[in-house]
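K.L.:
Below is a structure I'd like to ask you about.
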């Protein structure tokens, strides 16, 4: 739309300029009028073409995306949400980075984050595009957005190893860069599975706030037994003990319970199919399983 205004203004300025020239050379009135008319027509056509291009390239996809987000946000209307999600997936390269820029109003921001998760989970989208969506989530979370940090955990629960590892690695980077997020994530309503993943992310972050949060998980009576057990086992690492400010690790039940063992075995197998950069997390799991 700004291009349309620019070229329209250019046409008006051009006409004024030729009018000024016309007043200075009355003897060549007819010739100058012809030139002015041709120039005005030419500039008008350019303004029309540029305005149409701007509308089709930006304004129309923007309107489609916002309309899809409104439909996606309609709770209880699964059919409408399904069509809205596929509309966003179809927009692909335009929609993914734009979803990370729609911060106002707050409701639109929440819908955009939910849509990003849905896009990442959609099998029709290329893995490269899904990874781009994870990067958008990471940038959101890096600005202190707790909802985006939670979304990274939700992505990790997927069956796709590459996406899982990218998302959890992004969460580890976030916990290192934003120490306040460690304690903030403990207050979120997370499933037991998510809290188990958070334990590993905190252990791998290896910062003082992360280690103290790990200790809180190990000591909290309100935490599921599986979470306390894993956190306690990981705190047997001397480096984590130093960061947490303790001399001995918290007492944990032994051996590892069957449900914890089953979950960790699943994580281990999935991580082995993922990126080779996950050796640290794999070794952590092996230590807990021993």
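In the numbering used here, the protein residues as written are 9 to 298.
All C-beta atoms in this analysis are idealised placements derived from N, C-alpha and C, irrespective of residue type, glycine included.
These numbers were taken from a predicted model, which means no experiment stands behind them.
#1: Answer yes or no: do residue 209 and residue 180 have a C-beta to C-beta separation smaller than 8 angstroms?
#2: Looking at the structure shown, is residue 215 part of a helix, part of a strand, or coil, going by DSSP?
#3: Considering Cα atoms alone, identify which of 96, 230, 125 and 255 is closest to residue 76.
#4: Does residue 105 pass the burial test, meaning 16 or more other C-beta atoms within 10 Å, or should it be called exposed?
#5: Assuming contact is defined by CB atoms lying nearer than 8 angstroms, are residue 239 and residue 222 in contact in what I supplied?
#6: Out of 80, 225, 244 and 214, state which residue places its alpha-carbon closest to the alpha-carbon of residue 124.
#7: Put residue 97 into one of helix, strand or coil per three-state DSSP.
#8: Please state whether DSSP places residue 84 in a helix, a strand or coil.
#9: For residue 244, does the three-state DSSP call read helix, strand or coil?
#10: Among 142, 198 and 188, whose alpha-carbon lies nearest the alpha-carbon of residue 176?
#11: Give me the Cβ distance between residue 242 and residue 211, rounded to the nearest whole Å; I'm assuming they're in contact under 8 angstroms.
#12: Taking a contact to mean a Cβ-Cβ separation below 8 angstroms, would you say residue 182 touches residue 189 in this structure?
#13: Can you tell me whether residue 228 is helix, strand or coil according to DSSP?
#14: Measuring alpha carbon to alpha carbon, tell me which of 134, 187, 128 and 185 ends up nearest residue 161.
#15: What whole-angstrom Cβ distance do residue 99 and residue 74 have, given they're in contact under 8 angstroms?
#16: Residue 126 and residue 93 look like a contact to me (Cβ under 8 angstroms); what is the Cβ gap, rounded to whole Å?
#17: Looking at the structure shown, is residue 172 part of a helix, part of a strand, or coil, going by DSSP?
#18: Would residue 140 and residue 178 qualify as a contact pair, given that the criterion is a beta-carbon distance under 8 angstroms?
#19: Comparing alpha-carbon positions, which option in 227, 138, 157 and 232 lies nearest residue 118?
#20: Could you tell me the distance, in whole angstroms, from the CA atom of residue 58 to the CA atom of residue 51?
#21: Let me confirm a value: residue 247 is counted as buried when at least 16 other C-beta atoms fall within 10 Å, else exposed. Which label applies?
#22: With 16 as the cutoff for other CB atoms within 10 Å, does residue 226 come out buried or exposed?
#23: Is the separation between the beta-carbon of residue 232 and that of residue 191 shorter than 8 angstroms?
#24: So, residue 244 versus residue 257, is the Cβ gap smaller than 8 angstroms?
#25: Is the beta carbon of residue 107 sitting closer than 8 angstroms to the one on residue 144?
#26: In terms of alpha-carbon separation, which member of 103, 254, 159 and 120 lies closest to residue 193?
#27: In terms of alpha-carbon separation, which member of 84, 122, 137 and 121 lies closest to residue 102?
#28: Considering only the alpha carbon of each residue, which of 202, 196 and 155 lies closest to residue 172?
#29: For the alpha helix (DSSP H) holding residue 198, just list the boundary residues, first then last.
P.N.:
Based on what the coordinates show:
#1: Residue mapping note: residue 209 aligns to position 201 of the chain shown, counting from 1. Residue mapping note: residue 180 aligns to position 172 of the chain shown, counting from 1. Their beta carbons are under 8 angstroms apart, which means residue 209 touches residue 180 by this criterion.
#2: In the chain shown, residue 215 corresponds to position 207, counting from 1. Residue state, collapsed to three classes: coil.
#3: As a working mapping, residue 76 is identified with position 68 in the chain shown. Cα-wise, what sits closest to residue 76 is 96.
#4: Stepping through the chain shown from its first residue, residue 105 is reached at position 97. It is exposed - the Cβ of residue 105 has fewer than 16 other Cβ atoms within 10 Å.
#5: Numbered from 1 along the chain shown, position 231 holds the residue referred to as residue 239. Numbered from 1 along the chain shown, position 214 holds the residue referred to as residue 222. Taking 8 angstroms as the Cβ cut-off, residue 239 and residue 222 qualify as a contacting pair.
#6: Within the chain shown, the letter at position 116 stands for residue 124. Cα-wise, what sits closest to residue 124 is 80.
#7: Reading the chain shown from its first residue, position 89 is the one you call residue 97. Helix at residue 97.
#8: As a first step, residue 84 is located in the chain shown; it is residue number 76 there, counting from the start. If DSSP states are grouped into helix, strand and coil, residue 84 belongs with coil.
#9: The count along the chain shown starts at 1 and reaches residue 244 at position 236. Looking at residue 244 - three-state DSSP - the assignment turns out to be coil, as it is neither helix nor strand.
#10: The count along the chain shown starts at 1 and reaches residue 176 at position 168. Nearest of 142, 198 and 188 to residue 176, Cα basis: 142.
#11: Here residue 242 refers to the residue found at position 234 when the chain shown is read from its first residue. Here residue 211 refers to the residue found at position 203 when the chain shown is read from its first residue. Confirmed, about 4 angstroms.
#12: Sequence index remark: in the chain shown, residue 182 carries index 174 (1-based). Sequence index remark: in the chain shown, residue 189 carries index 181 (1-based). It is a contact, given that the beta carbons lie within the stated cut-off.
#13: As a position in the chain shown, residue 228 is number 220, starting the count at 1. It is coil, neither helix nor strand.
#14: The residue you call residue 161 lines up with position 153 of the chain shown. Selected option, being the one with the closest Cα: 128.
#15: The sequence position of residue 99 within the chain shown is 91, counting from 1. The sequence position of residue 74 within the chain shown is 66, counting from 1. Not quite, the Cβ-Cβ distance comes to about 11 angstroms (not below 8 angstroms), so this is no contact.
#16: By one-based count along the chain shown, residue 126 stands at place 118. By one-based count along the chain shown, residue 93 stands at place 85. 5 angstroms between Cβ atoms; contact.
#17: Counted from its first residue, the chain shown places residue 172 at position 164. It is helical.
#18: Reading the chain shown from its first residue, position 132 is the one you call residue 140. Reading the chain shown from its first residue, position 170 is the one you call residue 178. No.
#19: By 1-based counting over the chain shown, the position of residue 118 is 110. The candidate whose alpha carbon is nearest that of residue 118 is 157.
#20: For the purposes of this step, residue 58 is identified with residue 50 of the chain shown, where counting begins at 1. For the purposes of this step, residue 51 is identified with residue 43 of the chain shown, where counting begins at 1. Approximately 10 angstroms between the Cα atoms of the pair.
#21: Taking the first residue of the chain shown as 1, we reach residue 247 at position 239. It counts as exposed.
#22: In the chain shown, counting from the first residue as 1, residue 226 sits at position 218. It counts as buried.
#23: Here residue 232 refers to the residue found at position 224 of the chain shown. Here residue 191 refers to the residue found at position 183 of the chain shown. No, the pair does not count as a contact, with Cβ atoms beyond the cut-off.
#24: As a first step, residue 244 must be located in the chain shown, where it is residue number 236. As a first step, residue 257 must be located in the chain shown, where it is residue number 249. Contact flag set, yes.
#25: For this step, residue 107 is matched to residue 99 along the chain shown. For this step, residue 144 is matched to residue 136 along the chain shown. Against a cut-off of 8 angstroms, the Cβ pair of residue 144 and residue 107 comes out as a contact.
#26: As a first step, residue 193 must be located in the chain shown, where it is residue number 185. Of the candidates 103, 254, 159 and 120, the one whose C-alpha sits nearest the C-alpha of residue 193 is 159.
#27: Looking up residue 102 in the chain shown gives position 94. The residue with the shortest Cα to Cα distance from residue 102 is 137.
#28: Here residue 172 refers to the residue found at position 164 when the chain shown is read from its first residue. Answer by Cα proximity: 202.
#29: Counted from its first residue, the chain shown places residue 198 at position 190. Per DSSP, residue 198 belongs to no alpha helix (DSSP H) and is neither H nor E.
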